[in-house]
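Numbering (my numbering), first residue to last: 32 to 198. Each residue gets a CB set at the ideal place from its N, CA and C atoms; glycine is no exception. Everything on this sheet refers to the single structure shown next.
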């Protein structure tokens with residue numbers, strides 16, 4: 032079995048692990064050490080290791096680009112946005128630069144996420160907030176109201192109508 036993992040430096044480390052089933056263990060106990068070595072050599076020769084390693088590296092590289100958002104990461108991103116809300120509203124500020132600042136700050140906390148991914152996440156959160164807000168206006172009973180963990184913080188951010196209309 033190949034086991035691939037990312038090092039702290041972001042490199043791919045690949046290890047080989049051979050799993051034995053209980054019936055194989057009995058057979059192995061009867062073999063001499065020289066026979067065991069040749070068995071494992073044969074197993075390795077049957078598999079194109081370079082090709083398998085390349086495939087795993089490609090899969091890991093793809094997964095690096097797909098950041099998985101935890102609740103903590105979303106709250107951190109929203110808090111960092113709040114700190115820069117006025118600057119986001121100012122048309123003279125480059126939005127890409129502000130998203131990059133948030134990306135840099137999140138990296139300090141161990142979240143390696145690109146600026147464009149943060150921008151997309153924020154836009155999706157804003158759209159969800161607006162859908163919930165609009166559906167709440169239509170709902171008449173409390174029991175039918177939607178709840179969302181980010182609703183309050185998004186309310187703070189989007190309270191000013193200029194935020195809703197800005198890109």
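Integer-rounded CB distance, given that residue j should sit under 8 Å from residue i
| i | j | result |
| --- | --- | --- |
| residue 107 | residue 140 | 6 Å |
| residue 102 | residue 136 | With 8 Å as the limit, residue 102 and residue 136 do not qualify as a contact, their Cβ atoms being about 17 Å apart. |
| residue 131 | residue 146 | 4 Å |
| residue 189 | residue 157 | 7 Å |
| residue 109 | residue 180 | About 11 Å; that fails the 8 Å criterion. |
Three-state class that DSSP yields for residue i in the structure shown
| i | result |
| --- | --- |
| residue 106 | helix |
| residue 153 | helix |
| residue 143 | coil |
| residue 178 | coil |
| residue 165 | helix |
| residue 127 | helix |
| residue 134 | helix |
| residue 119 | helix |
| residue 15 | Residue 15 is absent from the structure shown; the chain starts at 32 and stops at 198. |
| residue 85 | helix |
Cα-Cα separation, residue i to residue j
| i | j | result |
| --- | --- | --- |
| residue 187 | residue 82 | 51 Å |
| residue 123 | residue 114 | 17 Å |
| residue 172 | residue 163 | Low confidence applies here, because residue 172 scores a pLDDT of 49, under 50, leaving its location unreliable; read the following figure in that light. Whole-angstrom Cα-Cα distance: 14 Å. |
| residue 142 | residue 99 | 9 Å |
| residue 75 | residue 97 | Since pLDDT at residue 75 reaches only 49, below the 50 mark, its modelled position is unreliable, and the value read off the structure follows with that caveat. One C-alpha to the other measures close to 32 Å. |
| residue 119 | residue 127 | 10 Å |
| residue 105 | residue 152 | 9 Å |
| residue 144 | residue 154 | 15 Å |
Chain-order list of residues whose beta-carbon lies under 7 Å from that of residue i (same chain, five-residue window excluded)
| i | result |
| --- | --- |
| residue 86 | none |
| residue 121 | none |
Cβ neighbours of residue i in the same chain (closer than 8 Å, five flanking residues each side left out)
| i | result |
| --- | --- |
| residue 149 | 108, 130, 133, 134, 137 |
| residue 182 | 160, 163 |
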